[in-house]
Structure formats: C-alpha cells, structure tokens
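K.L.:
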Amino acid sequence: GGRTPHEWRAALAGRLPDYMIPSVFAEFDRLPLNRNGKLDRDAVLAHARTSAPAAVNTAAPRDHVELALLKIWRDLLLHPAIGVSDGFFDVGGTSISAIKLAHAIGTGFGRELPIRDVILHPTIEAQAARDVILHPTIEAQAALLRADRPPETGSLIEFRRGAGRARVVCVHPAGGTAFCYLPLSALLPEDAGVLGIQSPGLNPGEEPLPSVEAMAEEYLRLVGPRPDEAIVLCGLSYGGLVAYEMGRRLAERHPRVSVVLLDTAATDDPAAKAAIEPVPAAEFREKLVRFNGMYPGIEDAQIERYHRTYNHNRRTAREHDPGETAARVVFVQAVGEDPIPGAAEFWRRRARGGFEVVPADCGHWDMLESDALPLVAKLISGELAAR
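When the letters of the sequence shown are read in order and numbered with full-length UniProt numbering, they come out as residues 1 to 387.
Here you go:
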C-alpha cells in the first residue's frame, strides 16, 4: 500500500520479466467475492476501470522530439488527449502496447527504446531525455525533421495536413514556440489543415526577424495562401499582433480570411508601450518553470536562445503600430481575471471587415489549457465555415 502505479512497476521491474508486469493497478479494501465465495473477476475489472486515472496532464510538447513522441503515442493508443507528463499506462497503455511503443520509437528514431525504459520512464518528457532518443541516427533525425517542417526552415510545424480547402494558422506567442496550439488542433474540423509558426531564433544558427511587419511577410510566404481556400489566422497574446498584421496584408488580395485574437493586448498610450521592457534572465527562468517550459535534457544554450527570442519579440511589440484591416477580426477576451484595459476597443476601431468580442471565463494564459479551449475551437470552426 501507499505506492503509486509507477512505483509498483519500478519495484516489480527488478523481479519480473517485462511481459509479466501488470499494466493496471487498483487498490481494494477487500477483494470482491461472488455468490460462491470465489473472486469476482468482473467486479475487479470494473473497479480497476473506474479507479484508473486517464489523461492527468494534457501539457503540450515543447520541442520537436516531444512532438514526434506524442504522435507515436497517439497513433498507438488512439487517445486524443495525451500530454507530455501523462503516464503511458494511465492513458491506456498495456504490456503488449509497451512492446509496440518500443518498436515504433525504434522505427522513428533509428534506435529502439528498451521495453524496460518504457516501464521505468513512462512519460513523453522522460522518454525524450533517454539517450536513444536524444541521439537518433542521422537518417532518422532527417526523417523526423521532414515530418514536421519543410527543409528550408524550422519555423513551420504541420499539426495536421487537412483536405486542402481550409487552413488554420497559429502564430507563436512572445516565447517563440507554437506547441501550445497542439491541444487546439485536435478540436478543429478534421478536413482543415492546422499549421503552427515558430519564431526564428529558437534554433542554433537562426536570426530573429527585425519587426512584426517582417514576421508577417515571411510567415505569409511560408504558409503560401491559396486563392480557393478559407484561412483563419490565430494568435495568443503577442501571436495575435503578428496574426493581425498577416491578416491585414492578406485581406488586400484574399477575401476568405479572418483573424482570431486570443487576449492580445494593444494600446495607443506611449507610456504603456514604454513599459514593455526586457525581462531579466532569472525572471525568465521562473516563467519557464511556471509555464512548463523546463524539461529534462534542456541545455543552458537553449534557454538562452528562448530568453533572447522572448525579449526580442517584446521589443518588436513595443515598436509596432497596427493599422486598419479589411479582414474580419474576432477578439477572444479573458475575463476570468482583470481584462486587458482598452484592448477590445483598440481592435474594434481598426477592423473594417467586421468585429466581434467574445468573453472567455479564464485567465490570460489559460486560454488554450482550460474550459475555454472548446470555445476557441468552436469560434475558429465557425470562422472557417463562414469563409
């Protein structure tokens, strides 16, 4: 008693062959018996099903390695709501599927993960730190990169390909990564393509783009909007600034575009803009911890690139002045805490193609991780249908 399922598996791994380690653990005050005084197996299984946790943490992946592992897990377990901190056996994994997972990882990374590592390190974030996955073969590494982004850039992530008639483009917040949109992509229409755009500067050898305008121009080039498709540009916080500028430029030649701003702050007040200052390194590390950005295997050089990208994007926000747009704009405002003052009216004055404010009962950073997520997905789906 008193042990977690993971602790039981670790203890049994030293005594039993891998295939004999149970995939489900359940605690009983007293074993149920049938009318004949024998173990009631149906009652045992029913109790195990109701007591087993499922999808306890839907945290999104934080890099391409975790994203590649997440896709392998989802294909194997057919579970739509898996996070990087979920236990493999807590979301439906069994001893047999652990063997399949080890084989699938071997296929994807070129080096097979021992089954014992699946049992002893049963989360995506823990498996991502294993040597087998940190150092894939050259051929496997190239294939993994090709699966999620075009060869020319690390900025584009294809969450879903879609049928070619509609796409949703999700632009990174100030932190630069776009993996926070992965839970949203799972709730959008299956025939819609879903892209994430990451900030140049996150990867070694990359330089950030100098302004919001430059980002908008480059990101539109990467996306390559087609005349016959409906397109929704979406951005959380700072990402909304870039998505709005993309929509402003695209609307001049593309009538089927709308922009969804997820609690994006904006102001005409010079003093408020001047208050957007660089964040010190120690404070930035605290933010990484708070927002699940610190993970096993992350190196100081990577943290430094994240920090530099974050402050660069804050500077471009301070320098940017959004103009009017012919695109339709939907502003989703977080009202679970103090709403951003004046933001809704700021965007309303500039949206000549139609404007709507939708309140969401959540905090600013909970927009993609809370009960507000289905609301956001429904709004974007509605915009696609209306285009």
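Built from N, CA and C at the ideal position, the CB exists for glycine as well.
Please read these numbers as outputs of a predicted model, since none were measured by experiment.
Is it right to say Gly87 is buried, meaning 16 or more other beta carbons lie within 10 angstroms of its own, or is it exposed?
P.N.:
The residue in question, Gly87, is buried, as its Cβ has 16 or more Cβ neighbours within 10 Å.
K.L.:
Rounded to whole angstroms, what is the Cα-Cα separation between Ala377 and Val232?
P.N.:
So the two alpha carbons sit approximately 12 Å from each other.
K.L.:
Pull up the DSSP beta-bridge partners for Ile197, would you.
P.N.:
Per DSSP, Leu156, Val171.
K.L.:
Keeping to the same chain, check which residues put their C-beta closer than 7 Å to that of Leu76; ignore five residues upstream and five downstream.
P.N.:
Within the same chain, Leu76 has close Cβ partners Ser97, Lys100, Leu101, Ala104.
K.L.:
Which of the three DSSP states, helix, strand or coil, is assigned to Pro359?
P.N.:
The answer is strand: DSSP assigns Pro359 an E or B state.
K.L.:
In the DSSP output, which residue or residues are listed as bridge partners for Phe331?
P.N.:
Answer is Leu261, Val357.
K.L.:
For Tyr310, collect the residues of the same chain with a Cβ closer than 7 Å to its Cβ; drop the 5 residues on either side in sequence, then sort them by chain order.
P.N.:
Once the five neighbours on either side are set aside, the close Cβ partners of Tyr310 are Ala174, Gly175, Gly176, Val279, Phe284.
K.L.:
For Ala243 versus Val259, is the C-beta distance shorter than 7 Å?
P.N.:
The answer is yes: Cβ separation under 7 Å.
K.L.:
Should Glu207 be listed as close to the ligand SAM, given that the test is whether its C-beta is under 6 Å from any heavy atom?
P.N.:
This structure lacks the ligand SAM, and indeed carries no ligand of any kind.
K.L.:
Thinking C-alpha only, which one of Leu368, Gln333, Glu369 is nearest Glu356?
P.N.:
Residue Gln333 is the option with its Cα nearest to Glu356.
K.L.:
Between which residues of its own chain and Val56 is the CB-CB distance below 7 Å, once the five residues before and five after are set aside?
P.N.:
For Val56, the predicted model reports a pLDDT of 42, less than 50, meaning its position is unreliable; a value from the coordinates is still stated below. Cβ within range, chain order: Asp86, Asp90.
K.L.:
Terminal residues of the continuous beta strand (DSSP E) containing Ala128?
P.N.:
Here Ala128 belongs to no beta strand (DSSP E), and DSSP marks it neither H nor E.
K.L.:
Would you say Ala128 and Val65 are within 7 Å of each other, going by their C-beta atoms?
P.N.:
Against a cut-off of 7 Å, the Cβ pair of Val65 and Ala128 comes out as a contact.
K.L.:
Can you tell me whether Asn36 is buried or exposed? The criterion is at least 16 other CB atoms within 10 Å of its CB, across all chains shown.
P.N.:
Answer is exposed; the Cβ neighbour count stays below 16.
K.L.:
Straight-line CA distance for Leu261 to Gly247?
P.N.:
Leu261 and Gly247: Cα-Cα distance of roughly 11 Å.
K.L.:
Rounded to whole angstroms, what's the CA-CA distance from Gly382 to Leu33? Just pull it up for me.
P.N.:
Cα to Cα, Gly382 sits roughly 53 Å from Leu33.
K.L.:
Do Arg160 and Gly193 have their C-beta atoms within less than 7 Å of each other?
P.N.:
Yes, the Cβ-Cβ distance between Arg160 and Gly193 is below 7 Å.
K.L.:
Could you check whether the stretch 306-325 touches the stretch 179-186, counting it as contact only if at least three pairs of C-beta atoms, one from each stretch, sit closer than 8 Å?
P.N.:
Output reads no: the stretch 179-186 does not touch the stretch 306-325.
K.L.:
Tell me whether Val242 sits in a helix, a strand or coil according to DSSP, three-state version.
P.N.:
It is helical.
K.L.:
Going by CA-CA distance only, name the one from Arg328, Ala230, Gly235 that's closest to Ala166.
P.N.:
For Ala166, the nearest C-alpha among the options comes from Ala230.
K.L.:
In or out: Pro210 buried (at least 16 other Cβ within 10 Å) or exposed?
P.N.:
By the neighbour-count rule (16 or more Cβ atoms within 10 Å), Pro210 is not buried but exposed.
K.L.:
Can the beta-carbon of Val257 be found less than 7 Å from the beta-carbon of Ala251?
P.N.:
It is a contact, given that the beta carbons lie within the stated cut-off.
K.L.:
May I ask you to list the residues that DSSP assigns as paired with Gly235?
P.N.:
Answer by DSSP bridge pairing, in chain order: Val171, Leu261.
K.L.:
Helix, strand or coil for Thr316, going by three-state DSSP, please let me know.
P.N.:
Looking at Thr316 - three-state DSSP - the assignment turns out to be helix.
K.L.:
So is Leu379 buried or exposed if we call it buried at 16+ other beta carbons inside 10 Å?
P.N.:
Classification for Leu379: buried.
K.L.:
Distance check for Gly110 and Thr153, CA to CA, integer angstroms please.
P.N.:
Because the pLDDT of Thr153 is 45, which lies under 50, any placement of that residue in the model is unreliable, and the number read from its coordinates should be weighed accordingly. Their Cα atoms are separated by approximately 23 Å.
K.L.:
May I ask you to list the residues that DSSP assigns as paired with Thr325?
P.N.:
Beta-bridge pairing links Thr325 to Ala351.
K.L.:
Hey, Ala327 and Gly363: beta-carbon distance below 7 Å or not?
P.N.:
In this structure, Gly363 does not lie closer than 7 Å to Ala327 by Cβ.
K.L.:
Going by other Cβ atoms of all chains shown within 10 Å of its Cβ, with 16 needed for buried, is Thr107 buried or exposed?
P.N.:
So Thr107 ends up on the exposed side.
K.L.:
What number of angstroms, rounded off, separates the C-alpha of Trp365 from the C-alpha of Arg41?
P.N.:
Spanning the two alpha carbons is a distance of roughly 45 Å.
K.L.:
Could you say which of Ala26, Ile119, Val168 lies nearest to Arg387 if we only look at CA atoms?
P.N.:
The residue with the shortest Cα to Cα distance from Arg387 is Val168.
K.L.:
Taking 7 Å as the threshold (C-beta atoms), are Ala178 and Gly162 in contact?
P.N.:
It is not a contact, given that the beta carbons lie outside the stated cut-off.
K.L.:
CB Arg305 to CB Glu324, shorter than 7 Å?
P.N.:
Contact flag unset, no.
K.L.:
State buried or exposed for Gly224, treating a residue as buried only when at least 16 other CB atoms are found within 10 Å of its CB.
P.N.:
When all chains shown are included, Gly224 counts as exposed.
K.L.:
Quick one: give me the first and last residue of the alpha helix (DSSP H) that Asp117 is part of.
P.N.:
Element bounds for Asp117: 115-120.
K.L.:
Bridge partners for Ala230 per DSSP, in chain order?
P.N.:
Answer is Ala166, bridged to Ala230.
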